[in-house]
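Protein chains in written order, with the working numbering: chain F, 18 to 143; chain C, 18 to 143. Below: one structure, written as structure tokens.
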């Protein structure tokens with residue numbers, strides 16, 4: 018079947034879950050507009066739309082931590098994308114962790130349960 | 018650290034990724050408002066906010082396919098939740114598949130790559 022994604026629900030954006038291709042670890046969640054979706058398909062590199070900067074965002078453009086897309090899934094409602102990627106530099110999170118989900122909620126508190134892979138001050142030099 | 022989730026970015030909603038606790042398979046993506054978050058914490062069962070029905074939605078309320086929350090992660094921006102769950106009835110998707118992401122995108126087309134676990138006509142009797 019041909020693909021018709023539904024970008025209408027959040028002003029032209031839809032959520033994207035990015036998962037490690039081998040381990041299935043969820044690395045991050047971000048958003049795509051239609052241009053980001055087309056660029057991801059064409060380039061094979063995860064490209065998002067930054068809600069804060071309001072522009073296309075090729076993941077790894079600054080850090081070098083690109084995401085090579087190995088598989089793409091879409092959900093039953095055509096309004097969410099799942100990318101399975103190889104994460105360059107071993108880390109997706111701008112805080113230096115492999116996954117953005119490095120904090121676990123327990124007893125009403127959030128505890129860091131992962132170890133950073135890189136030092137953000139080294140990677141994102143001002 | 019205490020938890021302060023940011024519900025401001027999408028009119029009081031934030032995206033939630035729900036993953037199988039054992040296999041790390043992504044079962045679905047949905048949204049929570051603050052009430053859904055609090056109910057999930059209090060009940061230990063995944064509770065979302067339905068964007069289409071505009072109300073709280075205890076997953077499995079109709080189908081019996083509840084999600085027992087085993088672990089909760091939050092992301093670096095405090096605006097996304099990751100639930101690791103045990104999926105009752107072995108299927109999260111209302112179409113009868115284990116995961117809502119049962120279609121793979123390849124060569125510009127979406128192909129079904131999973132097998133249904135249940136018949137939606139049997140589970141969601143009108």
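Just so it is clear, CB atoms sit at the ideal spot from N, CA and C, and this is done for glycine as well.
I need the DSSP call for residue 55 of chain C, collapsed to helix, strand or coil.
helix
Under three-state DSSP, which class holds residue 105 of chain F?
helix
Nearest-angstrom Cα distance between residue 93 of chain F and residue 110 of chain C?
8 angstroms
What residue range does the beta strand (DSSP E) around residue 32 of chain C cover?
31-37
In the DSSP assignment, find the alpha helix (DSSP H) that holds residue 140 of chain F and state where it starts and stops.
137-140
Would you kindly work out how many angstroms separate the C-alpha atoms of residue 72 of chain C and residue 66 of chain C, rounded to a whole number?
6 angstroms
Taking one C-beta from the region 126-141 of chain F and one from the region 27-36 of chain C each time, how about it: are there three or more such pairs within less than 8 angstroms?
no
From residue 91 of chain C to residue 43 of chain F, what does the alpha carbon distance come to, in whole angstroms?
11 angstroms
What is the rounded straight-line gap between the Cα of residue 212 of chain C and the Cα of residue 98 of chain C?
Any property of residue 212 of chain C remains undetermined from this structure, which presents chain C solely from 18 to 143.
Quick one: residues in its chain with C-beta nearer than 6 angstroms to the C-beta of residue 51 of chain F, no 5 flanking neighbours on either side, listed in chain order?
24
Please confirm whether residue 40 of chain F has its beta-carbon closer than 8 angstroms to some beta-carbon of chain C.
yes
Assuming residue 129 of chain C contacts residue 122 of chain F (C-beta within less than 8 angstroms), just tell me the rounded distance between them.
Contact doesn't hold; Cβ gap of about 35 angstroms is too wide.
Return the CA-CA distance between residue 48 of chain C and residue 134 of chain C, expressed in angstroms with no decimal places.
24 angstroms
Candidates C/112, C/81, C/142, C/124: which alpha carbon is nearest residue 103 of chain C's?
C/81
With a threshold of 8 angstroms on Cβ separation, who are the neighbours of residue 105 of chain F within its own chain once the five nearest residues in sequence on each side are excluded?
77, 81, 82, 83, 84, 85
Below 8 angstroms between beta carbons: does that hold for residue 63 of chain F and residue 19 of chain F?
no
Compare the C-beta of residue 56 of chain C against all C-beta atoms of chain F and say whether one is closer than 8 angstroms.
no
Mapping the DSSP letters down to three states, classify residue 116 of chain C as helix, strand or coil.
coil
Can you find the residues in the same chain that come closer than 6 angstroms, C-beta to C-beta, to residue 117 of chain F, ignoring five residues on each side of it along the sequence?
45, 110
Shorter than 8 angstroms from the beta carbon of residue 112 of chain F to some beta carbon of chain C?
yes
Helix, strand or coil for residue 25 of chain F per DSSP?
coil
Excluding five sequence neighbours on each side, which residues of the same chain lie with their C-beta closer than 7 angstroms to the C-beta of residue 68 of chain F?
48
Residue 60 of chain C (DSSP reduced to helix, strand or coil):
helix
Strand pairing of residue 67 of chain C, partner residues [DSSP]:
C/72
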